[in-house]
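See below for the structure under consideration.
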Amino acid sequence: MSIQKNYKGYRKIFDKYDININNSEKYLGKVKIYETIAKVVLLITFILCSILLYAAFTEKGNAGLGIAITFIVVLFPGLILWKICSLVKMSKIAKLDDLIFNKFLINKIKIFYSIDELQNCTYDKIEHINTRAYSEGNSNQAIINLTFMAFEIGAEGIIIVSNNSETVTATAINNKSSSTQINRMVNSSEAILIKNIKKEEVKSFDLNYWYELKEKGAISSQEYENKKRELL
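Quick look at the structure:
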């Protein structure tokens, strides 16, 4: 899963948020080209196969058999070409996602890969979200998707709670006696959306103040340790 699935979806994002990134138009154009080619190939394959299939059922004898063989010859190359165009389109979409994340989203959303990064900050939690995505194009596709979701919701920052990758195996049955295993990488992430991020002032100078009082004998060591625990 990518941020969007087609050219129209990405065109809407770029226009809506007035995104102007180097090379983005080039990749948008390539997505549109391969998407159009894939649609045309699939349409032509469907039309030709429909005509051949109708002819195979209406013709008799060897003529019908020949048409049926032609149907198979047309169907499989058409589907293979459609699949190739679709894969090329998805590779260009992966490039677009990478550009949007690295050139746009990271300037709009503060990304924290650990809650420890917010030790000296206060913030309000909005909601907890999670997603899974195939990661052939981008290894952190789920984080890209979560960050975009956070941006659209209006979050100021995002805390990555977990980010894992795993291999999912599916079995495609070719016929009664054979099958093919397909392995795909899946990236899953969880995050907390936050807003109103404010950095607290470091109170080390307060500790120095109490340390000086202890050194002067104005307070006891125990009182100093109590203050130290309060401030730290």
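So the sequence shown is residues 9 to 240, counted in the working numbering.
Every residue, glycine too, gets a C-beta built ideally from N, C-alpha and C.
If you're wondering where the values come from, they're calculated on a predicted model, not measured in any experiment.
Cβ separation of residue i and residue j, assumed to be a contact under 8 Å, to the nearest whole Å
i	j	result
F79	A64	6 Å
M157	I137	6 Å
I205	K118	7 Å
K97	A46	6 Å
K236	L215	6 Å
V169	E198	4 Å
V82	L60	6 Å
Residue i - containing alpha helix (DSSP H), residue span
i	result
A150	149-161
I119	Here I119 belongs to no alpha helix (DSSP H); instead the beta strand (DSSP E) covers 118-120.
S10	Careful: S10 lies outside any alpha helix (DSSP H) and carries neither H nor E.
Boundaries of the beta strand (DSSP E) in which residue i is found, first to last residue
i	result
A46	First-last for A46: 32-66, but that is the alpha helix (DSSP H), not the beta strand (DSSP E).
Rounded straight-line distance, which links the Cα of residue j to that of residue i
i	j	result
I200	G17	26 Å
W218	N128	21 Å
F120	G145	23 Å
T53	K203	51 Å
T139	I77	45 Å
I114	E160	13 Å
D132	Y142	31 Å
N171	D124	16 Å
Bridge partners - residue i, DSSP secondary structure assignment
i	result
A199	I137, I168
T175	M193
T78	Paired residue(s): none; T78 is not in a bridge.
Y142	V194
C129	K207
beta-carbon residue i near the ligand PLP non-hydrogen atom, thresh 8 Å
i	result
K16	In terms of ligand content, the structure shown is empty, and the ligand PLP therefore cannot be addressed.
Are three or more beta carbon pairs between the stretch 150-166 and the stretch 224-238 nearer than 8 Å? no
Could you check whether the stretch 190-197 touches the stretch 43-58, counting it as contact only if at least three pairs of C-beta atoms, one from each stretch, sit closer than 8 Å? no
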